[in-house]
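Undergrad:
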Amino acid sequence: MVEAPVEDKRITLKEAVKLVPDGSHLFWGGFGFQRPPMAFAHELVRQNKRNLTIYTCGSEMDIDILSGAKVVSRFELAFYAIEGIGLVPNIQRRIREGVIEIEDYSNLAMALRFLGGALGVPFMPLKSMLGTDLLAKKRFRSKKAEVIECPFTGEKVVLVPSVRPDFSIVHAPRVDREGNVQIDGIKGEDVEGARAGKKVIVLAEEIVDSEFIRSQPDQTVIPNIYVTHVVECPWGSYPMMVYNYYDYDMEHVRMYYDQCKTEEGWQKYCEEYITGVNDCVEFLQKIGIDRLMKLRAKKPFPY
Amino acid sequence: MVEAPVEDKRITLKEAVKLVPDGSHLFWGGFGFQRPPMAFAHELVRQNKRNLTIYTCGSEMDIDILSGAKVVSRFELAFYAIEGIGLVPNIQRRIREGVIEIEDYSNLAMALRFLGGALGVPFMPLKSMLGTDLLAKKRFRSKKAEVIECPFTGEKVVLVPSVRPDFSIVHAPRVDREGNVQIDGIKGEDVEGARAGKKVIVLAEEIVDSEFIRSQPDQTVIPNIYVTHVVECPWGSYPMMVYNYYDYDMEHVRMYYDQCKTEEGWQKYCEEYITGVNDCVEFLQKIGIDRLMKLRAKKPFPY
Amino acid sequence: MTKKYAEPEEFTTLELMAVCGSRQIKNGEVVFIGTGLPLIAAMLAKKTHAPRAKIVYEAGFIDSNAKDIALSIADSRLGYRASAAIGLIETLGLMLQGGHVDVGFVGAAQIDEYGNINTTYIGSFENPTVRLPGSGGGNDIVSSAKRFVVIMMHEKRKMVKKLDYLTSPGFLDGPGAREKAGLMGDGPSLVVTNLCQMDFDPDTKRIRLATAHPGVSVQQVLENSGFDLIVPKNVQTTELPTPEELTLLRAIDPSGIYIPRAK
Amino acid sequence: MTKKYAEPEEFTTLELMAVCGSRQIKNGEVVFIGTGLPLIAAMLAKKTHAPRAKIVYEAGFIDSNAKDIALSIADSRLGYRASAAIGLIETLGLMLQGGHVDVGFVGAAQIDEYGNINTTYIGSFENPTVRLPGSGGGNDIVSSAKRFVVIMMHEKRKMVKKLDYLTSPGFLDGPGAREKAGLMGDGPSLVVTNLCQMDFDPDTKRIRLATAHPGVSVQQVLENSGFDLIVPKNVQTTELPTPEELTLLRAIDPSGIYIPRAK
Numbered sequence: 014m015v016e017a018p019v020e021d022k023r024i025t026l027k028e029a030v031k032l033v034p035d036g037s038h039l040f041w042g043g044f045g046f047q048r049p050p051m052a053f054a055h056e057l058v059r060q061n062k063r064n065l066t067i068y069t070c071g072s073e074m075d076i077d078i079l080s081g082a083k084v085v086s087r088f089e090l091a092f093y094a095i096e097g098i099g100l101v102p103n104i105q106r107r108i109r110e111g112v113i114e115i116e117d118y119s120n121l122a123m124a125l126r127f128l129g130g131a132l133g134v135p136f137m138p139l140k141s142m143l144g145t146d147l148l149a150k151k152r153f154r155s156k157k158a159e160v161i162e163c164p165f166t167g168e169k170v171v172l173v174p175s176v177r178p179d180f181s182i183v184h185a186p187r188v189d190r191e192g193n194v195q196i197d198g199i200k201g202e203d204v205e206g207a208r209a210g211k212k213v214i215v216l217a218e219e220i221v222d223s224e225f226i227r228s229q230p231d232q233t234v235i236p237n238i239y240v241t242h243v244v245e246c247p248w249g250s251y252p253m254m255v256y257n258y259y260d261y262d263m264e265h266v267r268m269y270y271d272q273c274k275t276e277e278g279w280q281k282y283c284e285e286y287i288t289g290v291n292d293c294v295e296f297l298q299k300i301g302i303d304r305l306m307k308l309r310a311k312k313p314f315p316y
Numbered sequence: 014m015v016e017a018p019v020e021d022k023r024i025t026l027k028e029a030v031k032l033v034p035d036g037s038h039l040f041w042g043g044f045g046f047q048r049p050p051m052a053f054a055h056e057l058v059r060q061n062k063r064n065l066t067i068y069t070c071g072s073e074m075d076i077d078i079l080s081g082a083k084v085v086s087r088f089e090l091a092f093y094a095i096e097g098i099g100l101v102p103n104i105q106r107r108i109r110e111g112v113i114e115i116e117d118y119s120n121l122a123m124a125l126r127f128l129g130g131a132l133g134v135p136f137m138p139l140k141s142m143l144g145t146d147l148l149a150k151k152r153f154r155s156k157k158a159e160v161i162e163c164p165f166t167g168e169k170v171v172l173v174p175s176v177r178p179d180f181s182i183v184h185a186p187r188v189d190r191e192g193n194v195q196i197d198g199i200k201g202e203d204v205e206g207a208r209a210g211k212k213v214i215v216l217a218e219e220i221v222d223s224e225f226i227r228s229q230p231d232q233t234v235i236p237n238i239y240v241t242h243v244v245e246c247p248w249g250s251y252p253m254m255v256y257n258y259y260d261y262d263m264e265h266v267r268m269y270y271d272q273c274k275t276e277e278g279w280q281k282y283c284e285e286y287i288t289g290v291n292d293c294v295e296f297l298q299k300i301g302i303d304r305l306m307k308l309r310a311k312k313p314f315p316y
Numbered sequence: 347m348t349k350k351y352a353e354p355e356e357f358t359t360l361e362l363m364a365v366c367g368s369r370q371i372k373n374g375e376v377v378f379i380g381t382g383l384p385l386i387a388a389m390l391a392k393k394t395h396a397p398r399a400k401i402v403y404e405a406g407f408i409d410s411n412a413k414d415i416a417l418s419i420a421d422s423r424l425g426y427r428a429s430a431a432i433g434l435i436e437t438l439g440l441m442l443q444g445g446h447v448d449v450g451f452v453g454a455a456q457i458d459e460y461g462n463i464n465t466t467y468i469g470s471f472e473n474p475t476v477r478l479p480g481s482g483g484g485n486d487i488v489s490s491a492k493r494f495v496v497i498m499m500h501e502k503r504k505m506v507k508k509l510d511y512l513t514s515p516g517f518l519d520g521p522g523a524r525e526k527a528g529l530m531g532d533g534p535s536l537v538v539t540n541l542c543q544m545d546f547d548p549d550t551k552r553i554r555l556a557t558a559h560p561g562v563s564v565q566q567v568l569e570n571s572g573f574d575l576i577v578p579k580n581v582q583t584t585e586l587p588t589p590e591e592l593t594l595l596r597a598i599d600p601s602g603i604y605i606p607r608a609k
Numbered sequence: 347m348t349k350k351y352a353e354p355e356e357f358t359t360l361e362l363m364a365v366c367g368s369r370q371i372k373n374g375e376v377v378f379i380g381t382g383l384p385l386i387a388a389m390l391a392k393k394t395h396a397p398r399a400k401i402v403y404e405a406g407f408i409d410s411n412a413k414d415i416a417l418s419i420a421d422s423r424l425g426y427r428a429s430a431a432i433g434l435i436e437t438l439g440l441m442l443q444g445g446h447v448d449v450g451f452v453g454a455a456q457i458d459e460y461g462n463i464n465t466t467y468i469g470s471f472e473n474p475t476v477r478l479p480g481s482g483g484g485n486d487i488v489s490s491a492k493r494f495v496v497i498m499m500h501e502k503r504k505m506v507k508k509l510d511y512l513t514s515p516g517f518l519d520g521p522g523a524r525e526k527a528g529l530m531g532d533g534p535s536l537v538v539t540n541l542c543q544m545d546f547d548p549d550t551k552r553i554r555l556a557t558a559h560p561g562v563s564v565q566q567v568l569e570n571s572g573f574d575l576i577v578p579k580n581v582q583t584t585e586l587p588t589p590e591e592l593t594l595l596r597a598i599d600p601s602g603i604y605i606p607r608a609k
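Chains as they are written, first to last, in this note's numbering: chain S, 14 to 316; chain E, 14 to 316; chain Y, 347 to 609; chain A, 347 to 609.
1) According to DSSP, is F296(E) helix, strand or coil?
2) Is any beta-carbon of chain Y found at less than 7 Å from that of V15(S)?
3) Roughly how many angstroms lie between the CA atoms of A122(E) and S181(S), to the nearest whole one?
4) Determine which residues of the stretch 145 to 166 of chain S have a Cβ less than 8 Å from any Cβ of chain E, and write them out in chain order.
5) Return yes when the Cβ of T381(Y) is within less than 7 Å of the Cβ of N311(Y), no when it is not.
6) Just checking my contact of G688(Y) with P534(Y) at CB under 8 Å: how many whole Å lie between their CB atoms?
7) Does any residue of chain Y have a CB that is nearer than 7 Å to the CB of S119(S)?
8) Using a Cβ-Cβ cut-off of 7 Å, state whether S429(A) counts as contacting chain S.
9) What three-state label does DSSP hand K350(A) in the structure shown?
10) Residues in its own chain within less than 8 Å of H500(Y) by CB, not counting five upstream and five downstream?
11) Per DSSP, what kind of secondary structure is S155(S) in: helix, strand or coil?
12) Would you call the stretch 263 to 271 of chain E and the stretch 419 to 438 of chain A in contact, with 3 or more CB pairs under 8 Å?
13) Pairs of beta-carbons, one from the stretch 126 to 143 of chain E and one from the stretch 128 to 140 of chain S, closer than 8 Å: are there three or more?
14) Can you give the beta carbon distance from L424(Y) to F407(Y), rounded, assuming they're within the 8 Å contact cut?
15) Starting from the beta carbon of P230(S), find every residue of chain A whose beta carbon is closer than 7 Å, and list them in chain order.
16) Is there a C-beta anywhere in chain S that falls below 7 Å from the one on M347(A)?
17) Just grab the DSSP bridge partners of I220(E) for me.
18) In chain E, which residues lie less than 8 Å from L143(S) when you measure between Cβ atoms?
19) Once the 5 residues before and after E224(E) are set aside, which same chain residues still bring their CB inside 6 Å of it?
20) Taking CB distances under 7 Å as the criterion, tell me whether F127(E) reaches chain S.
21) Taking only three categories from DSSP, how would you classify Y269(E)?
22) Is DSSP giving W248(E) helix, strand or coil here?
23) Give me the residue from R398(A), E361(A), P397(A), N373(A) with the minimum Cα distance to P384(A).
24) So with CB distances below 7 Å, who are the chain E contacts of N665(A)?
25) What do you reckon, are the CB atoms on F88(E) and A209(E) nearer than 7 Å?
26) By alpha-carbon positions, which one of G483(Y), C366(Y), M544(Y) ends up nearest to F619(Y)?
27) What is the rounded straight-line gap between the Cα of G453(Y) and the Cα of Q582(Y)?
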């Protein structure tokens, strides 16, 4: 009898980012302040990636950083801003400069586009966007959405095209080295987005033993079969939050926001916190262990 | 400050079944040997319901009982048999008698029909059933499925009509009295089926305190918002199984199968175990506490 | 027992707006909420007349009972004593589009006289001067919630004849237009601003002054509106907050994140 | 190290069929399985040449490592040391239709010479003499798995010219037909019976004798087939089980639920 050797999908953050060629299409995980793949964004900037297309429902400081550094040239999304603070400053500037284009959908439309990609069908039906400029106006897609009459009821239904990006990038609390992912709290659109990707890179706060995952299989939200690579990346969403792990650091976020109102301010931030450090560990060192420890979630609260 | 009074959706099994008028359309939960709403089936027989239409992916002894007792006149489904034993005996007989009609789909088609109903769209796209008699032949639906060309890729896609039954019947391990449901192990098609129903009746092994549910909200698979009524119904899937709670009783299932090969045998079973007892408790008494205790799941195994 | 209202000088306009929003929530209703004032309004409703209201946030929090103010709709704070924490397909798809949401709350950068909303671009689509946050779940909420409430500031450049971009559908171009477009929800029920409350004429589906806030004249509302507004003969004053509501409101947002203390 | 095979009298036909099935699974592959012989075959593969094979059951068990034999594809036994337990939309939709399944295993009541399968009706659709279990996930599996293997008993009434009902697509009516119909999987790769293994001619997509089980003549296969079967010049004997495989097989199903002990 042969014992199954456990598959080991672990690689480093630097290795993971090296796998993403310029021009790739990426599903970008996390939602709002929750679990953005911030460390991955930083490393994309450090490795000077170009011309990425990003698909996401809504993201905030993470995609603003990617826009500031001109890593991304196209977005298909529903929302961005820094909630509670204001409009994302770098994206505003890059749009005015004409180096970033956005195709607008609603959040449900984007989530369904990921679900459709994950389900292996070329479109999904939707009852939003009807009657609006989200349907009437498009930016760069040859076909953005189609309205059909339902063959069963005659009612109008929007079809939105499914998305199968080259890579899906998800930041999770826990994963084992085979790639079984557990996510506490809300999942946003990560369940569907992870399954839509041709390759899937999971960054996680911690890598846990497979037997732990297998003792509670109904807690697994992304099974290993979908996952290509696994990266251990503690505090990888800082200064945003991870449910049950840590809170956001609004002081840092506000500092970012204020500083990025000007191009010079953004360049300074980028140099100080991203390109001026060697890796994600050096970035956290710069933030300081005392500051991080204060942000840890305080049980029974998930923040 | 007013404390929110907890909504109490508990009713008895008899009350729940009374709410289902003859001719109703039902989503029928559970999958294979896992969590069939057996106690609900028995009570439907006891209350002599007629002309139900049942929608399910696949069910076994439970829907055979409903067929034997002529409670159901139509099924839309993908599968029935008693796995590991043989064809369902009562359904065979009732089909030959012409009192039961079946519209055949595949399992994924049925699951997507429930997802479509739950999502509030009139159809869902599918890449199964293409090229087969599942598409070419239909029994009683005016439209069973439609093949269209995808407006984005040109490929052929099957559209299956969504289902919004009058009631969804689900047997779960745990629910609170507000209707928040937790299901261990596999969910089959119950997540989608529960959300598709206009009214939802959840039967559960145990009713737990709401604070227990609210201390782990990411374990809730059917939130209270979807649930109309809650019925405490321990051993409600016997002689089939509930993950983490109890195993099946194959001796009883085999006895049922052998006896139901003849109409007389079925009538005898029905009288002895269903119509001849007053309620689900009396049924369990008849089975015997010693027999039930032996079937309890033995940790760390979920069976 | 007669209701006792606070005096106008005892509350701020933002507090009045939160109370107005709160009163749009009926007990037992399923309420779809973004952050900001609607979040405060829903928390207040649960502590007053609608303890059984179920608050849903699109990121995945369902029947939330947060004790602390959230900055993001995905904020872990919203998970405290929630009955479920799932994801966007659940909230926007199964719950909202599935027909289970009674009332949605949204904001707007521009609104027109049919209650249509712009949250995407200011200026032309081709060369916008400002790129706003976009639809997010806004389009989905107003498409499928049974009714929806808009909370926004009342300025001439925001109350417009023609939107720069139609992100989210009100009554589109009038009676029957939502049905013809295939939309499921019934459309906007109320617009709450810092000057007044506006509803929609049932026949023409055009926006109509409902109540003016204390100290605000009809003239003042008209001067701050870029669109034509139906003005009924008798415009009543907005129902004022009760002292209890104000006390609760200040306990909900003690550090004044959404409702600064200073008047 | 040369492989040592068991003698034909040391194993039963069902054991040989299970071993044949097992060998169709490559290490690391994602395998979609029903109950019965395929379940045993997959468990054997994981214990021999394919320890990293991931077994998926449509009820929702993913990467199952069951230690006890399951009677139902929804059997809790399949949850033991699984990496996930979800539901049908996950397994049949996201995983299978999503393109992640390498090989599926199905049974058949009837099969035709293009590998099309009937599991629904015997007799006419209007007045069937027997109502079989139906598609279940069978149609979904053979529609979307990259390839699929059929395991069934070899009888003239089962190997037919024309199916009573086409439940699940093989190559339909020949080359190009699956692509034209819009199907995603590549179709059937092998049929394992109690007499032989059959594959499909790459040009005509028609069924072809691949190997005959020990002691079975080509004539015997033809006599038990209701369809025309391509018979190549040299038909080899099916590769026999190894003693190790037989030992493991008997440990997997010690009480003979799927493979009775008596020969």
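Yeah, the Cβ is synthetic: ideal placement off N, Cα and C, and Gly gets one too.
TA: If we stick to the structure as given:
1) Assigned with DSSP and collapsed to three states, F296(E) falls in helix.
2) For V15(S), the predicted structure reports a pLDDT of 49, less than 50, and the residue's modelled location is therefore unreliable. The matter cannot be settled from this model.
3) Spanning the two alpha carbons is a distance of roughly 27 Å.
4) If the cut-off is 8 Å between Cβ atoms, the stretch 145 to 166 of chain S has K156, E159, I161, C163, P164, F165, T166 near chain E.
5) The requested residue 311(Y) is not part of the displayed model; chain Y covers only 347 to 609.
6) Chain Y is shown from 347 up to 609; residue 688(Y) falls before or after that span and cannot be answered.
7) So, interface residue.
8) The C-beta of S429(A) comes closer than 7 Å to at least one C-beta of chain S.
9) DSSP places K350(A) in coil when its eight states are reduced to three.
10) Here the set comprises T539, N540, L541, C542, V567, N570, S571.
11) Correct three-state label for S155(S): coil.
12) No: fewer than three Cβ pairs fall under 8 Å.
13) The stretch 126 to 143 of chain E, when compared against the stretch 128 to 140 of chain S, does touch it at the 8 Å Cβ threshold.
14) Contact holds; Cβ gap of about 4 Å.
15) Within chain A, the residues whose beta carbon sits less than 7 Å from that of P230(S) are G425, A428, S429, A430, A431, listed in sequence order.
16) Note that M347(A) has pLDDT 49, beneath the 50 cutoff, so the model's placement of it is unreliable and no number is given.
17) Answer by DSSP bridge pairing, in chain order: V188(E).
18) Here the premise fails: no neighbours, minimum Cβ distance about 12 Å.
19) So no residue of the chain qualifies.
20) No, its Cβ sits nowhere closer than 7 Å to a Cβ of chain S.
21) Annotated three-state conformation of Y269(E) is helix, per DSSP.
22) The answer is coil: DSSP assigns W248(E) none of H, G, I, E or B.
23) For P384(A), the nearest C-alpha among the options comes from E361(A).
24) No information on residue 665(A) is available, as it lies outside the stretch 347 to 609 that chain A covers here.
25) Contact: no.
26) What the structure shows of chain Y is the stretch from 347 to 609, and residue 619(Y) is not part of that stretch, so it cannot be assessed.
27) Each residue's Cα considered, the two are about 24 Å apart.
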